[in-house]
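Chemist: Using the numbering used here, the first residue of the sequence shown is number 148, and each one after it goes up by one.
What follows is a single structure, and I will ask about it in a moment.
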Amino acid sequence: MKKKTEEIKNEVTYSHEALERIENNRKGFLADYRKNNNLKIIISVLCILVIVVACIVLPYVMPEDMKKLSTGITLGLFVIALAGTLSASMLTRKAMDKKMKIYFSDYYKAVNDFVIEGEGFENVALQDPGKITLEEFNEAQVYVNVIEAGSRGLTTFEYNKIPMRVVDCAGNVKGEKRMMPVFVGKCVSSAAKYAESDLILIYLKGNEKALPPTNVEGLEKVVDDEKMWIAANNKNWEKVITKDILALINEFTMNELLVDLAISLHDGKAFIMMGYDDPLMVLPLQNQFDSKPVEAFKEDFRKAVKLLEALN
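Have a look at this one:
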């Protein structure tokens, strides 16, 4: 009776059908993942047994008049076992890659159904393959010397008729020994009424995991306090970043999940780059899906689209 009570106590309920769907998809993908690993183990063991038989057992059990052929037979069985192992590995990997792609797509569809819903949202579409180019990442002009950009889950949508998009992305620069990240998180972007080429860069300071913008050379910090700094060479920046805009920016709160946030404006475009920690950015697999990070992102996302609307 105690065990049953504990099971009921530990049962997790989700506030939205889309969140429950993420957990169900995780369970299905994890089962496929484990089956795939078990299959690879079984094939590997069988191939090892074939090699053992070919190299150790076969020479002792073959008739005397056939022992001259034992070397050729042993080599043949070894090649067959090796080819079988490699072929099985390729086939299982391809099958798993296909299932992983479906799992990722289903995950972002479910997240979109939960996050991008309600009044004002229309024409939500998860793109395939859901990636942005290095050039598109660098278009934000927040970081310099980025030579590698990864992305997934690119989604286009409209908010109050304004076209916008959101994507998970990461940017890396070349370090002394390996690639080093300058950003990991989500980027929400749209057109903006600020059409000048002079960059306006705003940064909300975060915790020890924060990765501040690096494209600051030549920019004047016109505001620098405990919460944020604003860098711009445009003398009329205050006509763009008005008190109303600042009020919307100040609605964001940095925490353990949202580690920092950068906003860039130039050439009629606006980018909000929200740096997030692993609980949101790593897709669930081994452990039960925790919906709290996605629920927190929904609140940040609503603030971001409201800010983009005001800048538009």
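Note that beta-carbon positions come from the ideal geometry of N, C-alpha and C, so glycine has one too.
Distance, Cα to Cα, residue 274 vs residue 300?
Modeler: Within the sequence shown, residue 274 is the residue found at index 127, counting from 1. Within the sequence shown, residue 300 is the residue found at index 153, counting from 1. Answer to the nearest angstrom: the Cα atoms are 7 Å apart.
Chemist: Return the chain-ordered list of same chain residues with a C-beta closer than 6 Å to the C-beta of residue 255, the five sequence neighbours on each side being excluded.
Modeler: Along the sequence shown, read from residue 1 onward, the residue named residue 255 stands at position 108. Closer than 6 Å at Cβ, skipping near neighbours: 273, 300.
Chemist: What is the DSSP secondary structure of residue 368, reduced to helix, strand or coil?
Modeler: Working through the sequence shown from its first residue, we reach residue 368 at position 221. The answer is strand: DSSP assigns residue 368 an E or B state.
Chemist: Counting only the same chain and skipping the five closest in sequence on each side, list residues whose C-beta sits under 6 Å from that of residue 152.
Modeler: Residue mapping note: residue 152 aligns to position 5 of the sequence shown, counting from 1. Unreliable placement is indicated for residue 152, whose pLDDT of 43 sits below 50; the coordinate value is still reported in the next sentence. Result list for residue 152: empty, nothing under 6 Å.
Chemist: Find the nearest neighbour of residue 310 within the set 160, 162, 456, 159, judged by alpha-carbon distance.
Modeler: Taking the first residue of the sequence shown as 1, we reach residue 310 at position 163. Checking every option, the nearest Cα to that of residue 310 belongs to 456.
Chemist: Hey, how far is the Cα of residue 247 from the Cα of residue 180?
Modeler: To locate residue 247, count along the sequence shown from 1; it is residue 100. To locate residue 180, count along the sequence shown from 1; it is residue 33. Their Cα atoms are separated by approximately 9 Å.
Chemist: CB residue 423 to CB residue 333, shorter than 8 Å?
Modeler: The sequence position of residue 423 within the sequence shown is 276, counting from 1. The sequence position of residue 333 within the sequence shown is 186, counting from 1. Yes, they are a contact pair.
Chemist: Where are the beta strand (DSSP E) runs, 3 residues long or more, that stay fully inside the region 357-422, in chain order?
Modeler: If we require 3 residues or more, the beta strand (DSSP E) runs fully inside the region 357-422 come out as 368-371, 375-379, 405-413.
Chemist: Considering only the alpha carbon of each residue, which of 393, 198, 182 lies closest to residue 239?
Modeler: What you label residue 239 is simply residue 92 of the sequence shown in a count that begins at 1. The option with the nearest alpha carbon to residue 239 is 182.
Chemist: On a Cα-Cα basis, can you pick out the residue from 242, 245, 258, 197 that is closest to residue 230?
Modeler: One-based indexing of the sequence shown puts residue 230 at position 83. Among 242, 245, 258, 197, the Cα nearest to that of residue 230 is on 197.
Chemist: Pick out whichever of 347, 165, 324 has its Cα sitting closest to the Cα of residue 385.
Modeler: Residue mapping note: residue 385 aligns to position 238 of the sequence shown, counting from 1. Comparing Cα positions, the closest option is 347.
Chemist: Inspect the CB distances between the region 411-426 and the region 315-333 and report whether three or more fall short of 8 Å.
Modeler: Flag = yes, the region 411-426 and the region 315-333 touch.
Chemist: My output table needs one value for residue 252: the three-state DSSP class, helix, strand or coil.
Modeler: The residue labelled residue 252 in the question sits at position 105 within the sequence shown. In the structure shown, residue 252 sits in a helix (DSSP, three-state: H, G or I).
Chemist: If contacts are defined as beta-carbon pairs under 8 Å, then residue 419 and residue 451 qualify, I think. What distance do you get, rounded to the angstrom?
Modeler: Taking the sequence shown and counting its residues from 1, one reaches residue 419 at position 272. Taking the sequence shown and counting its residues from 1, one reaches residue 451 at position 304. The Cβ separation is near 5 Å, so the contact holds.
Chemist: Name the residue from 340, 268, 279, 162 whose alpha carbon lies nearest to the alpha carbon of residue 305.
Modeler: For the purposes of this step, residue 305 is taken as residue 158 along the sequence shown, with counting starting at 1. Here the closest residue by C-alpha is 268.
Chemist: Using a Cβ-Cβ cut-off of 8 Å (strictly less than) and excluding sequence neighbours within five positions of residue 403, which residues of its own chain qualify?
Modeler: Locating residue 403 in the sequence shown gives position 256, counting from the first residue. For residue 403, where only same-chain residues beyond five positions count, the Cβ hits under 8 Å are 354, 424.
Chemist: First and last residue of the beta strand (DSSP E) that includes residue 349?
Modeler: The residue given as residue 349 occupies position 202 in the sequence shown. Here the beta strand (DSSP E) through residue 349 covers 347-351.
Chemist: Starting from residue 327, follow its DSSP beta bridges and name the residues at the other end.
Modeler: Start at 1 with the first residue of the sequence shown, and residue 327 comes out as number 180. Residue 327 pairs with 320.
Chemist: The alpha helix (DSSP H) with residue 306 in it runs from where to where?
Modeler: Locating residue 306 in the sequence shown gives position 159, counting from the first residue. From DSSP, residue 306 is part of no alpha helix (DSSP H) but of the beta strand (DSSP E) over 295-306.
Chemist: With burial defined as no fewer than 16 other Cβ atoms inside 10 Å of the residue's Cβ, what is the status of residue 318: buried or exposed?
Modeler: For the purposes of this step, residue 318 is taken as the residue at position 171 of the sequence shown. With 16 or more other Cβ atoms within 10 Å, it is buried.
Chemist: Less than 8 Å separating the beta-carbons of residue 415 and residue 341?
Modeler: Translated into positions along the sequence shown, residue 415 becomes position 268. Translated into positions along the sequence shown, residue 341 becomes position 194. Their beta carbons are under 8 Å apart, which means residue 415 touches residue 341 by this criterion.
Chemist: Hey, residue 320 and residue 279: beta-carbon distance below 8 Å or not?
Modeler: In the sequence shown, the residue the question calls residue 320 occupies position 173. In the sequence shown, the residue the question calls residue 279 occupies position 132. Taking 8 Å as the Cβ cut-off, residue 320 and residue 279 do not qualify as a contacting pair.
Chemist: What does the alpha-carbon distance come out to for the pair residue 295 and residue 281?
Modeler: Locating residue 295 in the sequence shown gives position 148, counting from the first residue. Locating residue 281 in the sequence shown gives position 134, counting from the first residue. Straight-line Cα distance between these residues: approximately 6 Å.
Chemist: Rounded to whole angstroms, what is the Cα-Cα separation between residue 165 and residue 312?
Modeler: Mapped onto the sequence shown, residue 165 falls at position 18. Mapped onto the sequence shown, residue 312 falls at position 165. Their backbone Cα atoms lie some 20 Å apart in a straight line.
Chemist: With a 10 Å radius around its C-beta and 16 neighbouring C-beta atoms as the bar for buried, classify residue 364 as buried or exposed.
Modeler: As a first step, residue 364 is located in the sequence shown; it is residue number 217 there, counting from the start. Looking at its Cβ environment, which holds fewer than 16 other Cβ atoms inside 10 Å, residue 364 is exposed.
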